[in-house]
Structures are given as structure tokens and as C-alpha cells.
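Sequence lines, in order, name chains A and B. Add 28 to the 1-based position in the first sequence for the numbering used here, that's all there is to it. Add 4 to the 1-based position in the second sequence for the numbering used here, that's all there is to it. Report on the structure given below.
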Amino acid sequence: DTEVTQTPKHLVMGMTNKKSLKCEQHMGHRAMYWYKQKAKKPPELMFVYSYEKLSINESVPSRFSPECPNSSLLNLHLHALQPEDSALYLCASSQVDEKLFFGSGTQLSVL
Amino acid sequence: AQSVTQLDSHVSVSEGTPVLLRCNYSSSYSPSLFWYVQHPNKGLQLLLKYTSAATLVKGINGFEAEFKKSETSFHLTKPSAHMSDAAEYFCVVSEGDSWGKLQFGAGTQVVVTP
């Protein structure tokens with residue numbers, strides 16, 4: 029299994045909603061990542077978990093809250109988002125210091 | 005500090021003709037370099053990776069890239085374009101002392117015409 033699975037594929041939420049994005053991998057990778065990608069732009073790193081501990085936080089607003097329940101799962105909790113947060117959210121995983129495997133992403137629209 | 009510049013934001017080729025995507029990098033250390041491809045509404049897929057073992061790197065789907073330290077370049081090529089190669093391509097650099105932080109280029113949109 030060489031896949032990173034993200035759910036849901038699409039999400040529409042209001043600014044007062046609370047929702048979660050989920051990511052799962054079964055490749056035994058010990059690093060997992062969240063990226064944000066706006067249309068026609070490269071991905072921007074948000075968070076990195078290494079061995080289930082948050083190792084990089086790129087000064088992301090607190091309305092985004094990551095969680096790594098175990099080595100195979102990564103969540104991104106969303107609360108009180110703004111319309112400018114609408115984007116494709118990509119999860120990735122890797123062995124430490126190795127190439128990244130990306131999921132297909134969650135297309136998020138904030139109304 | 006590391007940075008990467010993709011010299012073309014848009015490349016249009018005819019099916020069956022060669023593809024060249026240009027990438028220059030700046031790095032204080034011996035970098036790892038990658039090319040990723042992203043098809044519409046999809047995640048990124050790794051095409052190939054350079055880590056100093058060989059300057060000519062072969063990847064998937066017939067792509068290859070040559071690392072030229074003197075020119076700080078890592079250009080991506082394919083001898084014969086296929087319609088399925090139409091996508092966005094990203095050149096990416098990673099330095100050994102900043103693991104987890106990849107620097108993405110701005111991307112090159114490839115259009116393949118019949």
C-alpha cells in the first residue's frame with residue numbers, strides 16, 4: 029500500500045462551523061505533513077509531525093489545529109475559518125529525510 | 005538559505021516532441037532536488053529525486069533530469085511528450101539541515117497539443 033488517503037475530498041463550511049480533515053497512511057512512515065495550496069500556486073507547508081510529535085509549525089493561525097493520534101493518522105481541525113482559507117489541503121507522509129508521498133487533497137470552500 | 009526558480013511558468017509542446025522544463029536552485033549545502041507533477045485536482049506525485057549518487061537521474065514515465073552543479077541547474081526532460089503529460093510541474097529543493105522544509109518552485113504549466 030503506497031497511498032496516502034485523505035477524507036473528505038470536498039468540504040464546504042461556514043465561518044462558524046467546526047470540521048476536521050483526515051489523513052491516513054499505512055506505509056510505516058514516521059513523518060506526516062499538512063500543506064495548503066491555493067489555485068495556480070505551489071503548496072505551502074503548514075505543519076510537520078515527526079514520530080507523532082509536532083516538529084514544524086509554520087506560524088499557522090490557531091483556527092487550524094493539527095492532531096496526530098498515532099503514526100498512521102493525521103487530522104486537521106478547523107474552526108472559525110475565513111473565506112481566504114479556501115484552498116486545497118494536502119497531506120503527505122515520508123520516512124524521515126526521504127521523499128514525500130502526497131494524498132489527493134481536500135478541496136475546502138469557506139462561505 | 006535555499007531557493008528554487010523555475011524559469012518558465014508555461015510550456016506548450018506538440019505531442020511526440022521533446023519537453024524541457026528548466027529549474028535553477030540556490031543552496032548553502034549539498035541539496036536534495038526533486039521534481040513533482042500535479043494533474044488537475046490531484047495531489048503531487050514524485051517524478052524523480054537527486055541526492056548526489058549520479059548527476060543524471062531517471063524517473064517515472066520517461067522523464068529524466070540532469071544535475072549540473074556548475075550551473076546550479078536541475079532541468080527536467082522527456083524525449084517525446086504524451087497527452088497525459090499535461091500537468092503542473094514543481095521543482096523542489098531540500099537541504100540537509102532543514103529536514104521537513106521543502107522549498108517549492110512556482111511551478112510550470114505544461115500544455116500538450118495534438
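For glycine and all other residues, C-beta sits at the position ideal for the given N, C-alpha and C.
Inset, instruction - Tell me Ala90 (chain B)'s beta-bridge partners as DSSP assigns them. - result: Your numbering for residue 90 (chain B) matches position 86 in the second sequence. Per DSSP, none; premise fails for Ala90 (chain B).
Legend entry - Limits of the unbroken beta strand (DSSP E) element including Ala41 (chain A): Within the first sequence, numbered from 1, the residue matching residue 41 (chain A) stands at position 13. The question names Ala, but residue 41 (chain A) is Met in the sequence shown. Unbroken beta strand (DSSP E) run through Met41 (chain A): His38 to Met41.
Inset, instruction - Measuring alpha carbon to alpha carbon, tell me which of B:Leu48, B:Tyr33, B:Val114 and B:Val61 ends up nearest Ala85 (chain B). - result: For the purposes of this step, residue 85 (chain B) is taken as residue 81 along the second sequence, with counting starting at 1. Among B:Leu48, B:Tyr33, B:Val114 and B:Val61, the Cα nearest to that of Ala85 (chain B) belongs to B:Val114.
Inset, instruction - Would you check whether the ligand GTP has a heavy atom nearer than 7 Å to the C-beta of Thr134 (chain A)? - result: With respect to the ligand GTP, the structure offers nothing, as it holds no ligand at all.
Inset, instruction - Count the C-beta pairs between the segment 59-76 of chain A and the segment 115-128 of chain A that are closer than 8 Å, then say yes if the count reaches three, no if not. - result: yes
Inset, instruction - Go ahead and label Ser34 (chain B) buried or exposed: buried means 16 or more other beta carbons lie within 10 angstroms of its beta carbon, across all protein chains shown. - result: Counted from its first residue, the second sequence places residue 34 (chain B) at position 30. By the 10 Å Cβ count, Ser34 (chain B) comes out exposed.
Inset, instruction - Let me know if Val3 (chain B) comes out buried or exposed under the rule of 16 or more other beta-carbons within 10 Å of its beta-carbon. - result: Residue 3 (chain B) is absent from the structure shown; chain B starts at 5 and stops at 118.
Inset, instruction - Using alpha carbons as the reference points, say which of A:Leu82, A:Glu95, A:Leu49 and A:Leu136 lies closest to Glu112 (chain A). - result: Walking along the first sequence from the start, residue 112 (chain A) turns up at place 84. It is A:Leu136 whose Cα lies nearest to the Cα of Glu112 (chain A).
Inset, instruction - With 8 Å as the threshold, decide whether the Cβ of Gly56 (chain A) is near any Cβ in chain B. - result: Walking along the first sequence from the start, residue 56 (chain A) turns up at place 28. So, not an interface residue.
Inset, instruction - Answer yes or no: does any C-beta atom of chain B fall closer than 8 Å to that of Val76 (chain A)? - result: The count along the first sequence starts at 1 and reaches residue 76 (chain A) at position 48. Yes, because at least one Cβ of chain B sits closer than 8 Å to the Cβ of Val76 (chain A).
Legend entry - Neighbour flag for Lys46 (chain B) against chain A, beta carbons, 8 Å: Locating residue 46 (chain B) in the second sequence gives position 42, counting from the first residue. By this cut-off, Lys46 (chain B) is an interface position.
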